[in-house]
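What follows is a short report on a single structure.
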Amino acid sequence: MPPQFRSWGVLPATDFIDAYMRALGRRYYVGLLSAAELWGAAHQRPQTFQVVVDKNIADKDFGRVKLRFYTANRAGRVPVAQRASVAASFLVSSPPVTLLDIADRPRECGGVNNVATVAHELVDEQKPTGPDLAAAAADFPAAAARRLGWLLTHTGADIDLRPLRELSARHPTKRSTTYLDPTGPRAGATDRTWQIIINTEVEADL
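Residue numbers (this note's numbering): 161 to 366.
Pasting the structure below:
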């Protein structure tokens, strides 16, 4: 074990996550805030290592490394990138997929305010295109696209959101609405552009 990690008693998750997932026979990608950090937009260092998998896996703690798993059938299907750590390689969600993941699960990503901050930073750092974002959104619930579109509009992110907005409008559940904060009050003004019920105030740290 490298000297800098002896006090941990374990290697960093990026050094073993691919081998671990292969041993379990799981499709996976490093996602959510862990992916955002790898793309230069974590804002604050995540306290856990977040991994999206195709089948359920119990969370695991290995000393200071705390693995948290989130099940989604899109694992193994959405665009990913291969990244290299010191000792291994691993799969991480593409910037568009990362954006949609954090919008899909704001509770697991520090809340809506943090999602707004990280999403804006990720767009600024990686410059994903509007068409790529819309293409990735086809594998996500409509709520993720609506929430992300509203947050990026709210923070003034430099990205063409027209393709995402058009996709959201064509979604089979287009007559329903989405709560901006899934855990917030069940009331608020409705933004008809994104079909979002604004049930919280959003203050991004930009």
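Every residue, glycine too, gets a C-beta built ideally from N, C-alpha and C.
Own chain, CB closer than 6 Å to residue i, minus 5 neighbours either side, in chain order
i: Ala173; result: Phe209, Val225
i: Tyr188; result: Met181, Val211, Val213, Ala235
Whole-angstrom distance between residue j and residue i, CA atom to CA atom
i: Gly271; j: Pro291; result: 26 Å
i: Phe300; j: Glu363; result: 25 Å
i: Leu311; j: Arg186; result: 32 Å
i: Ile262; j: Gln204; result: 14 Å
i: Glu361; j: Gly309; result: 16 Å
i: Ala349; j: Ile356; result: 8 Å
i: Glu285; j: Ala201; result: 7 Å
i: Asp341; j: Glu268; result: 12 Å
i: Pro256; j: Leu171; result: 28 Å
i: Thr231; j: Gly316; result: 31 Å
i: Lys215; j: Trp199; result: 25 Å
i: Val240; j: Asn274; result: 23 Å
Of the residues the options, the one placed nearest residue i, counting alpha carbons only
i: Val288; options: Lys220, Phe300, Pro323, Asp175; result: Looking at the sequence shown, residue 288 is not Val but Pro. Considering only alpha carbons, the answer is Pro323.
i: Arg243; options: Arg234, Arg228, Pro266, Glu197; result: Glu197
i: Ala294; options: Phe229, Ala329, Ala241, Thr277; result: Ala329
i: Ala303; options: Gly316, Pro266, Ala235, Gly236; result: Pro266
i: Thr313; options: Val213, Ala276, Val240; result: Ala276
i: Leu366; options: Tyr180, Val278, Val170; result: Val278
i: Arg352; options: Val252, Ala179, Asn273, Arg307; result: Arg307
i: Asp175; options: Trp199, Phe222, Lys215; result: Phe222
i: Arg325; options: Trp354, Val213, Ala347; result: Trp354
Cβ neighbours of residue i in the same chain (closer than 7 Å, five flanking residues each side left out)
i: Ile177; result: Val190, Val211, Phe250
i: Pro206; result: Leu193, Ser194, Glu197
i: Leu184; result: Ile217
i: Asp219; result: Leu227, Arg228, Phe229
i: Arg237; result: Asp299
i: Ser245; result: Pro172, Thr174, Asp175
Local Cβ density within 10 Å of residue i, reported as buried at 16 or more and exposed below that
i: Ala247; result: exposed
i: Glu281; result: buried
i: Ser318; result: Here residue 318 is Asp; the residue named in the question, Ser, does not match the sequence. Looking at its Cβ environment, which holds fewer than 16 other Cβ atoms inside 10 Å, Asp318 is exposed.
i: Asn233; result: exposed
i: Pro345; result: exposed
i: Ser336; result: exposed
i: Asp320; result: exposed
i: Ala296; result: buried
i: Thr338; result: buried
i: Thr343; result: exposed
i: Ala305; result: buried
The ligand MN heavy atom lying under 7 Å from the CB of residue i
i: Gln204; result: The ligand MN is absent from the structure shown, which contains no ligands of any kind.
Within-8 Å CB hit, residue i to chain B
i: Phe229; result: Structure shown: chain B not included; a single protein chain is present.
Which residues DSSP lists as bridging residue i, in chain order
i: Asp351; result: Ile356
i: Leu366; result: Beta-bridge pairing links Leu366 to no other residue.
i: Gln204; result: BP columns for Gln204 are empty, so no partner.
i: Tyr189; result: Val212
i: Thr338; result: Ile356
i: Ser249; result: Ala244
i: Leu227; result: Phe209, Lys220
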